[in-house]
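Below: one structure, written as C-alpha coordinates.
In our numbering, the protein residues as written are 5 to 179.
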(Lines of atoms letter the chains of each structure in order from A; the text may use other names.)
(Lines give C-alpha, C1' and ligand atoms only; values in the text may rest on other atoms or scores of the structure.)
Protein backbone atom coordinates (compact mmCIF):
# COMPACT_ATOMS: atom_id res chain seq x y z
CA UNK A 5 0.00 0.00 0.00
CA UNK A 6 1.35 3.38 -1.01
CA UNK A 7 0.63 6.19 1.47
CA UNK A 8 0.91 9.93 0.88
CA UNK A 9 2.54 10.19 4.30
CA UNK A 10 5.64 8.19 4.95
CA UNK A 11 6.38 6.96 8.50
CA UNK A 12 9.42 9.29 8.67
CA UNK A 13 7.31 12.33 7.75
CA UNK A 14 4.66 11.42 10.33
CA UNK A 15 7.37 11.02 13.01
CA UNK A 16 8.83 14.47 12.21
CA UNK A 17 5.39 16.09 12.30
CA UNK A 18 4.59 14.49 15.67
CA UNK A 19 7.85 15.83 17.09
CA UNK A 20 7.08 19.34 15.80
CA UNK A 21 3.60 19.22 17.32
CA UNK A 22 5.01 18.00 20.66
CA UNK A 23 7.67 20.72 20.77
CA UNK A 24 5.13 23.39 19.76
CA UNK A 25 2.75 22.29 22.52
CA UNK A 26 5.55 22.33 25.08
CA UNK A 27 6.53 25.88 24.08
CA UNK A 28 2.90 27.05 24.14
CA UNK A 29 2.35 25.58 27.61
CA UNK A 30 5.53 27.26 28.86
CA UNK A 31 4.34 30.67 27.65
CA UNK A 32 0.91 30.07 29.16
CA UNK A 33 2.44 29.15 32.52
CA UNK A 34 4.65 32.26 32.67
CA UNK A 35 1.98 34.68 31.49
CA UNK A 36 -0.64 33.68 34.07
CA UNK A 37 0.81 35.38 37.13
CA UNK A 38 -2.09 36.16 39.43
CA UNK A 39 -2.58 39.66 40.81
CA UNK A 40 -3.66 40.41 44.31
CA UNK A 41 -2.82 42.69 47.20
CA UNK A 42 0.38 43.30 49.09
CA UNK A 43 -0.09 43.82 52.82
CA UNK A 44 2.73 45.84 54.34
CA UNK A 45 4.00 46.22 57.91
CA UNK A 46 6.84 48.64 58.59
CA UNK A 47 8.74 48.27 61.88
CA UNK A 48 9.38 51.71 63.38
CA UNK A 49 11.00 50.43 66.56
CA UNK A 50 9.82 49.79 70.08
CA UNK A 51 7.12 47.30 69.01
CA UNK A 52 5.45 49.98 66.86
CA UNK A 53 4.40 49.38 63.27
CA UNK A 54 2.58 51.08 60.45
CA UNK A 55 0.31 49.02 58.22
CA UNK A 56 -0.91 49.51 54.68
CA UNK A 57 -2.08 47.57 51.69
CA UNK A 58 -1.45 47.99 47.94
CA UNK A 59 -3.62 46.49 45.22
CA UNK A 60 -2.56 45.27 41.79
CA UNK A 61 0.58 43.65 43.12
CA UNK A 62 2.09 40.36 42.07
CA UNK A 63 4.04 37.99 44.27
CA UNK A 64 7.29 39.17 42.64
CA UNK A 65 6.66 42.81 43.63
CA UNK A 66 5.71 41.98 47.21
CA UNK A 67 9.05 40.94 48.69
CA UNK A 68 10.00 41.79 52.27
CA UNK A 69 13.11 43.78 53.12
CA UNK A 70 14.82 44.77 56.36
CA UNK A 71 12.30 46.48 58.64
CA UNK A 72 9.46 45.97 56.16
CA UNK A 73 7.34 42.82 56.14
CA UNK A 74 5.17 42.19 53.09
CA UNK A 75 2.66 39.41 52.54
CA UNK A 76 1.13 38.72 49.12
CA UNK A 77 -2.56 37.73 49.04
CA UNK A 78 -3.37 36.23 45.63
CA UNK A 79 -6.73 37.22 44.20
CA UNK A 80 -7.77 39.30 47.24
CA UNK A 81 -8.43 43.02 47.43
CA UNK A 82 -7.30 45.25 50.27
CA UNK A 83 -10.96 45.55 51.33
CA UNK A 84 -11.11 41.74 51.67
CA UNK A 85 -8.16 41.99 54.07
CA UNK A 86 -9.79 44.65 56.23
CA UNK A 87 -8.24 47.76 54.65
CA UNK A 88 -11.32 49.54 53.22
CA UNK A 89 -10.06 53.14 53.27
CA UNK A 90 -8.07 54.39 50.27
CA UNK A 91 -6.08 57.60 50.59
CA UNK A 92 -5.10 60.01 47.82
CA UNK A 93 -1.77 58.22 47.35
CA UNK A 94 -3.40 54.86 46.55
CA UNK A 95 -2.59 53.21 49.87
CA UNK A 96 -5.28 51.45 51.86
CA UNK A 97 -5.67 51.58 55.65
CA UNK A 98 -7.88 49.84 58.20
CA UNK A 99 -9.23 53.14 59.55
CA UNK A 100 -9.62 56.52 57.85
CA UNK A 101 -6.30 58.42 57.93
CA UNK A 102 -4.81 55.83 60.28
CA UNK A 103 -2.00 53.50 59.25
CA UNK A 104 -1.45 52.32 62.83
CA UNK A 105 -3.91 49.40 62.79
CA UNK A 106 -3.66 46.16 60.79
CA UNK A 107 -6.56 44.97 58.67
CA UNK A 108 -9.08 42.67 60.37
CA UNK A 109 -8.57 39.79 57.94
CA UNK A 110 -4.95 40.33 56.96
CA UNK A 111 -1.86 38.40 57.95
CA UNK A 112 -0.90 40.92 60.64
CA UNK A 113 -4.35 41.06 62.29
CA UNK A 114 -3.45 39.02 65.37
CA UNK A 115 0.26 39.72 65.64
CA UNK A 116 1.61 41.93 68.43
CA UNK A 117 2.25 45.56 67.59
CA UNK A 118 1.03 48.98 68.42
CA UNK A 119 0.40 52.38 66.95
CA UNK A 120 3.13 54.56 65.56
CA UNK A 121 3.98 57.14 68.16
CA UNK A 122 3.57 60.75 67.14
CA UNK A 123 1.67 60.19 63.88
CA UNK A 124 -1.36 62.39 63.59
CA UNK A 125 -2.02 62.09 59.85
CA UNK A 126 -1.75 59.38 57.25
CA UNK A 127 1.12 58.72 54.89
CA UNK A 128 0.98 61.22 52.03
CA UNK A 129 3.86 60.28 49.77
CA UNK A 130 4.35 58.70 46.35
CA UNK A 131 2.86 55.31 45.45
CA UNK A 132 4.13 54.56 41.96
CA UNK A 133 6.49 51.67 42.77
CA UNK A 134 6.15 49.51 45.86
CA UNK A 135 9.89 48.97 46.34
CA UNK A 136 10.81 52.64 46.02
CA UNK A 137 7.69 53.85 47.86
CA UNK A 138 8.56 51.69 50.85
CA UNK A 139 11.63 53.87 51.50
CA UNK A 140 9.46 57.00 51.68
CA UNK A 141 6.97 55.11 53.88
CA UNK A 142 9.85 54.08 56.14
CA UNK A 143 10.99 57.71 56.40
CA UNK A 144 7.41 58.63 57.38
CA UNK A 145 7.30 55.93 60.05
CA UNK A 146 10.64 56.93 61.55
CA UNK A 147 9.68 60.62 61.51
CA UNK A 148 6.50 59.77 63.45
CA UNK A 149 8.61 58.03 66.07
CA UNK A 150 11.24 60.76 66.21
CA UNK A 151 14.04 58.43 65.09
CA UNK A 152 16.12 60.73 62.87
CA UNK A 153 18.74 58.06 62.07
CA UNK A 154 15.99 55.92 60.53
CA UNK A 155 14.66 58.86 58.52
CA UNK A 156 18.17 59.63 57.25
CA UNK A 157 18.85 56.01 56.26
CA UNK A 158 15.53 55.60 54.42
CA UNK A 159 15.95 58.96 52.67
CA UNK A 160 19.49 58.11 51.59
CA UNK A 161 18.17 55.01 49.82
CA UNK A 162 15.23 56.94 48.33
CA UNK A 163 17.51 59.71 47.03
CA UNK A 164 19.83 57.10 45.49
CA UNK A 165 16.84 55.80 43.52
CA UNK A 166 16.03 59.39 42.48
CA UNK A 167 19.60 59.96 41.32
CA UNK A 168 19.31 56.94 39.01
CA UNK A 169 15.86 58.01 37.78
CA UNK A 170 15.06 61.75 37.94
CA UNK A 171 11.38 61.05 37.16
CA UNK A 172 10.87 59.68 40.68
CA UNK A 173 8.89 62.28 42.67
CA UNK A 174 10.22 63.79 45.87
CA UNK A 175 9.41 62.16 49.18
CA UNK A 176 7.85 64.79 51.47
CA UNK A 177 9.49 63.20 54.52
CA UNK A 178 13.01 63.56 53.09
CA UNK A 179 14.03 67.18 53.57
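Each residue gets a CB set at the ideal place from its N, CA and C atoms; glycine is no exception. All values reported here derive from a predicted model rather than from experimental measurement.
Do you know offhand how far residue 178's Cα is from residue 127's?
13 Å
Through-space distance from residue 153 to residue 59, alpha-carbon basis:
30 Å
Is the beta carbon of residue 140 sitting closer than 7 Å to the one on residue 162?
yes
Which first and last residues belong to the alpha helix (DSSP H) in which residue 138 is found?
134-149
Span of the beta strand (DSSP E), counted from its first residue to its last, around residue 42:
40-47
Quickly, what does DSSP pair residue 167 with across the bridge? List them, please.
In DSSP, residue 167 forms no bridge with anything.
Contact between the region 97-108 and the region 63-80: three or more CB pairs below 8 Å?
no
Selection from 40, 169 and 71 that minimises the alpha carbon distance to residue 145
71
Tell me whether residue 86 sits in a helix, a strand or coil according to DSSP, three-state version.
coil
Where the beta strand (DSSP E) containing residue 53 begins and where it ends:
53-61
For residue 62 and residue 157, what's the separation of their Cα atoms in angstroms?
27 Å
Taking DSSP's pairing of strands, which residues face residue 156 in a bridge?
According to DSSP, which records beta bridges pairwise, residue 156 is partnered with nothing at all.
What residue does the beta strand (DSSP E) around residue 76 start on, and which one ends it?
72-78
Does the Cβ of residue 96 have 16 or more other Cβ atoms within 10 Å, making it buried, or fewer, making it exposed?
buried
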